[in-house]
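Notes follow once the structure below has been shown.
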Amino acid sequence: MNKKVLIISFSFEQEEEAFRVLEDAGLEPVLLAEKDRIGYTQEDLLDYWDTLEEKPAGILMGADIPLGKEFAEKAEGLEAISLNCAGADHLDLPAFEKKGIRICNVPRQNFNAVADLVWGLILAVMRRIPEADRNIRRGKWCDGVARGYAVSGKTLGIISFGAIGQAVAKRAAGFDMRVLVNSTSQNPESAEKYGAVYVDRDTLFQEADILVPASPLTPETYHIINADAIGRMKKDAVIVNAARGGIIDTQALYEALKNRRIAGAALDVFEEEPLYESAFFQLDNVVLTPHIGGLADREIHNVAMQAACHMAELLK
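Here it is as structure tokens:
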């Protein structure tokens with residue numbers, strides 16, 4: 001009898017070639033039955049798991065559902081999880097390891113797509129492009145013009161200098177920017193290659209016109225951008241986050257934007273997802289996107305293929 005693999009990833013579902021990788025490995029892909037899985041929780045998944053007569057040996061999933069100790073202990077028959085994404089901070093890794101459930105992610109596959117989105121968000125919030133679009137649709141032309149900020153020549157501050165941070169810095173060269181980096185580990189060769197200068201965190205917050213966190217979410221980076229950090233930033237600075245929502249203290253950022261303590265923000269990730277309701281919706285100085293950083297055509301395909309290969313290897 002073929003082992004079943006439960007698929008919980010919208011982007012993976014569209015990749016027929018990746019499905020064939022699983023099938024060629026003697027695995028049986030099974031789609032999560034519920035059509036509306038937005039907002040699906042660990043408890044929902046456990047309830048669904050209990051209804052299955054034959055328990056899946058594997059789960060192939062993205063970053064949509066946080067899974068913790070309770071799931072690790074109650075998911076009878078689960079042998080492996082293959083992540084269709086780079087980050088694994090939504091899983092309680094020690095709990096799964098304790099149960100002997102193996103986990104594999106897909107690092108360094110979609111960093112260019114994330115960096116592209118970061119730059120799209122930088123331009124959107126600095127030049128107030130979404131606001132200009134809304135105005136013209138409402139019949140406003142020169143009246144109510146959205147006056148933005150120039151990007152060229154500004155100071156870009158990047159937190160962490162891994163694949164995404166370096167890709168963001170690389171794109172800054174075309175805008176003749178000064179690039180500052182704060183990172184726990186330093187790579188002088190990469191810094192020189194992309195014209196970046198390592199600085200301490202205080203200097204980064206104080207001098208950046210555009211602040212871009214590019215770090216994973218860890219206990220050390222949780223709320224690294226908080227009220228104190230924002231209080232040290234320039235009044236005309238902006239924050240652009242396509243890394244992890246928990247890096248920013250959401251309430252502190254909201255208060256800063258509401259009170260015009262900083263000029264704006266652009267966010268692709270949030271502390272709680274999906275974002276159905278938010279005080280951010282009432283603000284005109286924040287640009288929001290629904291965690292689409294890695295969702296570009298080429299990267300979706302490459303990540304799906306890698307995740308499928310990982311699952312085939314884990315369950316062979």
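According to this note's numbering, the sequence shown holds residues 1 to 316 in order. All C-beta atoms, glycine included, are put in the ideal place defined by N, C-alpha and C.
(message) Is the beta carbon of glycine 100 closer than 8 Å to that of isoleucine 81?
(response) For the purposes of this step, residue 81 is taken as the residue at position 81 of the sequence shown. For the purposes of this step, residue 100 is taken as the residue at position 100 of the sequence shown. In this structure, glycine 100 does not lie closer than 8 Å to isoleucine 81 by Cβ.
(request) Please name the residue, chosen from Pro216, Phe175 and Leu27, that lies closest to isoleucine 159 on a Cα-to-Cα basis. (result) Locating residue 159 in the sequence shown gives position 159, counting from the first residue. Nearest option by C-alpha distance: Pro216.
(request) Using alpha carbons as the reference points, say which of Gly153, Asn182, Glu189 and Ala243 lies closest to aspartate 176. (result) Reading the sequence shown from its first residue, position 176 is the one you call residue 176. Nearest of Gly153, Asn182, Glu189 and Ala243 to aspartate 176, Cα basis: Gly153.
(request) Measure the C-alpha to C-alpha separation of glutamate 15 and serine 278 and round it to an integer number of angstroms. (result) Sequence index remark: in the sequence shown, residue 15 carries index 15 (1-based). Sequence index remark: in the sequence shown, residue 278 carries index 278 (1-based). Approximately 32 Å between the Cα atoms of the pair.
(message) Buried or exposed, going by whether 16 or more other CB atoms sit within 10 Å of the CB of valine 118?
(response) Numbered from its first residue, the sequence shown carries residue 118 at position 118. Buried, since its Cβ has 16 or more Cβ neighbours within 10 Å.
(request) Please state if the CB of leucine 180 and the CB of glutamate 207 are separated by a distance shorter than 8 Å. (result) Residue numbering aside, residue 207 sits at position 207 when the sequence shown is read from its first letter. Residue numbering aside, residue 180 sits at position 180 when the sequence shown is read from its first letter. Yes, these two residues count as a Cβ contact at 8 Å.
(message) According to DSSP, simplified to helix, strand and coil, what is leucine 31?
(response) Within the sequence shown, the letter at position 31 stands for residue 31. Three-state result, leucine 31: strand.
(message) Rounding to the nearest angstrom, what Cα-Cα distance links glycine 294 and alanine 173 in this structure?
(response) Taking the first residue of the sequence shown as 1, we reach residue 294 at position 294. Taking the first residue of the sequence shown as 1, we reach residue 173 at position 173. Looking at the two C-alpha atoms, the distance is approximately 22 Å.
(request) State yes or no: is the C-beta of phenylalanine 12 within less than 8 Å of the C-beta of alanine 312? (result) Here residue 12 is taken as the residue at index 12 of the sequence shown, counted from 1. Here residue 312 is taken as the residue at index 312 of the sequence shown, counted from 1. No, these two residues do not count as a Cβ contact at 8 Å.
(message) Between the alpha carbons of aspartate 268 and asparagine 187, how many angstroms are there, rounded?
(response) Locating residue 268 in the sequence shown gives position 268, where the first residue counts as 1. Locating residue 187 in the sequence shown gives position 187, where the first residue counts as 1. Going from the Cα of aspartate 268 to the Cα of asparagine 187 covers about 27 Å.
(message) Let me check understanding here. Comparing Cα to Cα, which of Lys258, Pro94, Tyr222 and Leu257 lies closest to glycine 245?
(response) Against the sequence shown, residue 245 aligns to sequence position 245. When only C-alpha atoms are compared, the closest one is Tyr222.
(request) Use the C-beta contact count for alanine 214: other C-beta atoms within 10 angstroms, 16 or more gives buried, fewer gives exposed. (result) Here residue 214 is taken as the residue at index 214 of the sequence shown, counted from 1. Buried: at least 16 other Cβ atoms inside 10 Å.
(message) Beta-carbon within less than 6 Å of phenylalanine 205's beta-carbon, same chain only, minus the 5 sequence neighbours each way: which residues are those?
(response) Here residue 205 is taken as the residue at index 205 of the sequence shown, counted from 1. Same-chain partners within the cutoff: Ala229, Arg232 and Met233.
(request) For glycine 148, I'd like the list of residues in its chain whose CB is within less than 7 Å of its CB, leaving aside the five on either flank, ordered along the chain. (result) Numbered from 1 along the sequence shown, position 148 holds the residue referred to as residue 148. Cβ neighbours of glycine 148 beyond the five flanking positions: Met126, Arg127 and Arg128.
(request) Can you tell me the Cβ-Cβ gap for asparagine 84 and glutamate 299, rounded? I've got them flagged as a contact below 8 Å. (result) Position 84 of the sequence shown, counted from the first residue, corresponds to residue 84. Position 299 of the sequence shown, counted from the first residue, corresponds to residue 299. That pair is no contact at about 11 Å.
(request) Report the option in Val303, Cys309, Leu314 and His310 whose CA atom is closest to the CA atom of arginine 108. (result) Counted from its first residue, the sequence shown places residue 108 at position 108. Checking every option, the nearest Cα to that of arginine 108 belongs to Val303.
(message) When you compare the CB positions of proline 56 and histidine 90, do they come within less than 8 Å of one another, or not?
(response) Walking along the sequence shown from the start, residue 56 turns up at place 56. Walking along the sequence shown from the start, residue 90 turns up at place 90. Against a cut-off of 8 Å, the Cβ pair of histidine 90 and proline 56 comes out as no contact.
(message) At 3 residues or longer, what runs of the beta strand (DSSP E) sit wholly inside the region 239-309?
(response) 264-267 and 286-288
(message) Here's the rule: buried if 16 or more other CB atoms are within 10 angstroms of the residue's CB, otherwise exposed. What is leucine 156?
(response) Position 156 of the sequence shown, counted from the first residue, corresponds to residue 156. That one is buried.
(request) State the beta-bridge partners of arginine 102 as determined by DSSP. (result) Taking the sequence shown and counting its residues from 1, one reaches residue 102 at position 102. According to DSSP, arginine 102 bridges with Ala80.
(message) Let me check understanding here. Comparing Cα to Cα, which of Leu27, Leu123 and Glu70 lies closest to valine 238?
(response) Reading the sequence shown from its first residue, position 238 is the one you call residue 238. Nearest option by C-alpha distance: Leu123.
(message) Cutting at 6 Å between CB atoms, please list the residues of its own chain near glutamate 192, excluding the five before and the five after it.
(response) Residue numbering aside, residue 192 sits at position 192 when the sequence shown is read from its first letter. There are no such residues.
(request) Taking 8 Å as the cut-off, decide whether the C-beta atoms of glycine 68 and aspartate 50 are in contact. (result) On the sequence shown, position 68 is the one that residue 68 refers to. On the sequence shown, position 50 is the one that residue 50 refers to. In this structure, aspartate 50 does not lie closer than 8 Å to glycine 68 by Cβ.
(request) Can you have a look at aspartate 249 and say buried or exposed, based on whether 16 or more other CB atoms are within 10 angstroms of its CB? (result) For this step, residue 249 is matched to residue 249 along the sequence shown. Aspartate 249 should be labelled buried.
(message) Give me the residue from Asn2, Pro290 and Leu60 with the minimum Cα distance to glutamate 54.
(response) As a working note, residue 54 is residue 54 in the sequence shown. Nearest C-alpha to glutamate 54 among Asn2, Pro290 and Leu60: Asn2.
(message) So for lysine 69, helix, strand or coil by DSSP?
(response) For the purposes of this step, residue 69 is taken as residue 69 along the sequence shown, with counting starting at 1. Correct three-state label for lysine 69: helix.
(message) Can you tell me which residues form a DSSP beta bridge with tyrosine 198?
(response) The residue given as residue 198 occupies position 198 in the sequence shown. DSSP, once it has assigned bridges, lists Val181 as partnering tyrosine 198.
(message) Let me confirm a value: glycine 62 is counted as buried when at least 16 other C-beta atoms fall within 10 Å, else exposed. Which label applies?
(response) Position 62 of the sequence shown, counting from 1, holds the residue named residue 62. Under this definition glycine 62 is a buried residue.
(request) Starting from leucine 22, follow the alpha helix (DSSP H) in both directions and report where the run begins and ends. (result) The residue labelled residue 22 in the question sits at position 22 within the sequence shown. Taken as a continuous stretch (DSSP letters only), the alpha helix (DSSP H) holding leucine 22 covers 16-24.
(message) Helix, strand or coil, according to DSSP, for threonine 203 in the structure here?
(response) Here residue 203 is taken as the residue at index 203 of the sequence shown, counted from 1. Three-state result, threonine 203: helix.
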